[in-house]
């Protein structure tokens, strides 16, 4: 932070050309003569806030940015857990790889948006920047389907998703006749895969009386596949299908999703600066920051976490207190996050379109149009004078 402060300290107090542009804005009435910049007093902040709230271009742009932040913040908090659940990845590996994907995606999105702004000179055009934000959302809304990429099959857990062998008890309970007298703990899952290709919460819940290394023997709850032999189990989940190998595809599409989220960073800030008077630009960025954090970054992880909790199939329990979730409904979880992403991206697309719809040409754009009109008039006059000379000759 100290190094960044030194670099920022090297910038001039005013950028080249800003004073001339401010004077021109005052002459045209776009900026009050007696109020070049906002002070910290309440009598300046309250009217400036009311003006921002009444500015549809600014507010819809802030709402579009907030909608993207809502989904992005929840995504950043829980995407590694989602990858661990759906693709059966190691938690450490999922965290490291997805962290790298976030870094590359965010950097690439901001860099690409900056290149586009510079290439098409969007920094002088509020309307074109607003249209650029809307187009980015329109063409990248498909990235919300990242979470329905096929993954591992749902864990088939005895007593939760499938009944025990020869059991009359309903789903949702780990206790059956074969383990009723075992007093098995449900604090943390210790899965075993039985010969019947069904996963059990622990060797105790599988009715196993003997455990050696990675194997459990004499399991009364497991249907034996051999004739006259006692059933056994391996200490792991049963095979969850070939979808677990799609983790690399998930990383690739996730990177595109992060790029899409950050593509509107530079054009969005351009709109926030160009749609307000010069004396409110600094305050508009600060107000947008508070608006985005309060309604986007703070509630986003809370709502996403609530979705995870709501779709939990089995909670751990220790000393009469509920612990962490042990098993999730993966299919419903994937669908729920995809629906949330589509809703947030759809709202962002709508808000950016409304920001573009209400956006008026800034005085920079008017200057460009006036210069173009003058050049066209001068060329017309020159052509007319040339034609008159030819006619007189």
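Numbering (the working numbering), first residue to last: 91 to 483.
For each residue, glycine too, the CB sits at the ideal point set by N, CA and C.
Predicted model, so just to flag it, every value in this text is computed and none were measured.
- Contact annotation: the region 207-221 does not touch the region 400-418, with fewer than three C-beta pairs closer than 8 angstroms.
- By the Cβ test, the region 268-282 is not in contact with the region 225-241, since fewer than three Cβ pairs between them sit closer than 8 angstroms.
- Per the C-alpha coordinates, the member of 197, 177 and 396 positioned closest to residue 331 is 177.
- Secondary structure at residue 350: helix, using DSSP grouped into helix, strand and coil.
- For residue 298, the secondary structure class from DSSP, reduced to helix, strand or coil, is strand.
- Collapsing the DSSP output to three states places residue 366 in coil.
- Note on geometry: alpha-carbon atoms of residue 273 and residue 175 lie some 28 angstroms from one another.
- Judged by beta-carbon spacing, residue 192 lies beyond the 8 angstroms limit of residue 431, meaning their Cβ atoms are not closer than that value.
- The residues 277, in chain order, have a CB closer than 6 angstroms to that of residue 408 in the same chain once the five nearest residues on each side in sequence are set aside.
- Taking 8 angstroms as the cut-off, the beta carbon of residue 377 is found no closer than this to the beta carbon of residue 220.
- Boundaries for residue 383: no alpha helix (DSSP H) harbours it, and the DSSP string shows neither H nor E there.
- Sequence-distant partners of residue 254 (beyond 5 residues in either direction) whose C-beta falls short of 7 angstroms from its own C-beta, in its chain, are 248, 266, 268 and 311.
- DSSP places residue 320 outside both helix and strand once states are collapsed to three, so it counts as coil.
- Counting every other CB atom within 10 Å of its CB across the protein chains shown gives residue 315 a total below 16, marking it as exposed.
- Membership of residue 406 in the beta strand (DSSP E) is indicated by the continuous run 402-408.
- Put simply, of 282, 110 and 295 the residue whose alpha carbon is nearest the alpha carbon of residue 304 is 282.
- Per DSSP, the beta bridge partners of residue 306 are 301 and 323.
- Per the DSSP secondary-structure output, residue 252 pairs in a beta bridge with 248.
- By the criterion of a C-beta distance shorter than 6 angstroms, residue 351 is surrounded in its chain by 158 and 162, once the five residues flanking it on both sides are discounted.
- Within the DSSP secondary-structure output, residue 289 pairs in a beta bridge with 247 and 283.
- Within the same chain, 184, 185 and 188 come within 6 angstroms of residue 170 by CB-CB distance, once the 5 residues on both sides are set aside.
- In this structure residue 355 is buried. Its beta-carbon is surrounded by 16 or more other beta-carbon atoms within 10 angstroms.
- Here the region 367-381 makes no contact with the region 232-252; the two share fewer than three CB pairs at distances below 8 angstroms.
- Residue 146 sits close to residue 448, with the two beta carbons spaced by under 8 angstroms.
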